[in-house]
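Here is the structure we will look at, set down as structure tokens.
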Amino acid sequence: MHKPLCKWPLSHISIDVYGNIRPCCAWELDDQVAHIKEYPLFNINKQSMHEYLHSKFYSNVSNDMLDGKWSVGCRDCVLEHKAGVIGTRQAGEKFPYNGKFQLFDMEIKFGNLCNQGCIMCSPMNSSVLEQEAIKHDLFKQNSNNKRLDRHLGLQKDSGIVEVPWFDNEERFNEVVEWAAKCHTVKFRGGEPTVNKNLQRFLDRLSTITTEPYIFVNTNAHTFTEKLEQVLKRFPKVEICLSIDGYGSLNEYIRWPNNWQKLEKNVARMIAMRNVKISVSATVQLMNLGELEPLVLWSRDTLRSRMNEFMVNVVHRPDHWQPCLASQRRKDSYYEMAEKYQKPNCDLKKINGAIEKTFDQQKTDRLMQEAIKQLNIYNKVRNVSWQSVIPEL
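In structure tokens, the structure reads:
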């Protein structure tokens, strides 16, 4: 038995915001829709996970991995591989594999309900952006004009609005039962902490087992007493804070985040004895050279409770890629990475993506697009990007 190119499809199931069952959390849905027309999307709103695992689609993806080939939805990992970035594929190396599917890790999303509209995000993953885009016709004003229509179409076709799987007791219980078999169960969004189904799911899971390692990805703007209490039932919990800058920078990027409220919630998380805390920063044009205050805040606030400081790169939309930033801001990041690099704070792993270059014409076009988008947000949100990042 030879080593597969990637273990994710062989050890993992991901349920996305539409209820689609995916081979991994980084799987590119658009590419699947465009290039695998002979196989329908497998959706937990309509089909069981058993059907997914016995489908021709899953068989083809698995065979690609075993044959050492990238599959059609692997675009992000291909980009990371070309840029020399240690990313999703390498994270799956820890998964066991004995020649057949063995569920080890599971990602669950309860739709796109969210309390923030991050500038680099999309309506697919944020109900705030979805409603904002509809109200102000935002995506008609730039090159992303098809993004909203595509999202609304997928939303309608999936049935996630009319008959979501988490409102169907049979489907809900099926997902809980599969989660009970896992080593790790991850909850992402949207924003899972504002969704009643996270607490409900954990409550149901705890009646079967409390053994799984529970991972919750959150912007830390909401942390209810009820959620805190249900998390205390599980001995092993990791809360991963999605924070993209210190103070006002994070409030801008993750609008309408409130830094003071975030810090109060983080203090409560630190007080939980069963919780490890990680920080995940999405590195992009708007924060590349300004991340040092966040690294220092994480170190000083979390101290021994910090499990890991992670950096991830924005690949799309193209105009948010960090490689577009000025050389001064790139150098600032490199200096910071050199200064704070540690085993649990691997800042250098994205250097390849920062060093990527475009021809001048494409660079100019993407920068114009970014500034246009920022100016739209200035108007719609009554904010000022110049007040947090005077130089891009």
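In case it helps, the working numbering puts the sequence shown at residues 48 to 439.
Think of the CB as a built atom: it goes at the ideal place given N, C-alpha and C, for glycine as much as any other residue.
None of these values were measured; they are calculated from a predicted model.
- In the DSSP assignment, the residues bridged to L288 are T265 and V326.
- Assigned with DSSP and collapsed to three states, I83 falls in coil, not helix or strand.
- Nearest neighbour of A180 by Cα position, chosen from R428, L439 and N110, turns out to be R428.
- Under the DSSP definition of a beta bridge, K233 partners with E154 and F262.
- Taking all protein chains shown into account, G146 has fewer than 16 neighbouring C-beta atoms within 10 Å of its C-beta and is therefore exposed.
- Across the structure, R352 and I324 are spaced so that their CA atoms are roughly 6 Å apart.
- In this structure, the CA atom of I418 is about 26 Å from the CA atom of E382.
- 8 Å or more divides the Cβ of V132 from the Cβ of G336.
- Cα atoms of G139 and R412: separation of roughly 36 Å, rounded to the nearest angstrom.
- Scanning the segment 366-390 for uninterrupted alpha helix (DSSP H) segments of 4 residues or longer gives 374-387, listed from N- to C-terminal end.
- Assignment of R320 by DSSP, reduced to helix, strand and coil, places it in the coil class.
- Counting C-beta pairs with one atom in each stretch, the segment 275-283 and the segment 217-225 have fewer than three that are closer than 8 Å, which means they do not touch.
- Cβ contact annotation for E98 (same chain, cutoff 8 Å, sequence separation greater than five): F89, in chain order.
- For V435, the closest of P364, G292, N305 and T329 by C-alpha to C-alpha distance is G292.
- In summary, S295 is exposed, with fewer than 16 beta-carbon neighbours lying within 10 Å of its beta-carbon over all protein chains present.
- Excluding five sequence positions before and after N391, the CB atoms of its chain that fall closer than 8 Å to its own CB belong to M353, N354, E355 and F356, given in chain order.
- Here S61 is bridged, per DSSP, to R69 and E154.
- In this structure, the alpha-carbon of L160 lies about 10 Å from that of M171.
- The alpha carbon of V284 has as its nearest neighbour, out of P143, T265 and N422, the alpha carbon of T265.
- Going by DSSP, M353 is part of the beta strand (DSSP E) stretching over M353 to V360.
- Cβ atoms of I261 and V232 come within 8 Å of each other, at about 6 Å.
- The C-beta of N220 has fewer than 16 other C-beta atoms within 10 Å across all chains shown, which makes the residue exposed.
- Distance from the CA atom of R350 to the CA atom of V342, rounded to whole angstroms, is 11 Å.
- Bounds of the alpha helix (DSSP H) holding H183 are S174 to H183.
- Going by C-alpha positions, G115 is about 14 Å away from Q137.
- In the three-state reduction of the DSSP assignment, C124 falls in the helix class, which pools H, G and I.
- D123 counts as buried, since at least 16 other C-beta atoms from the protein chains shown sit within 10 angstroms of its C-beta.
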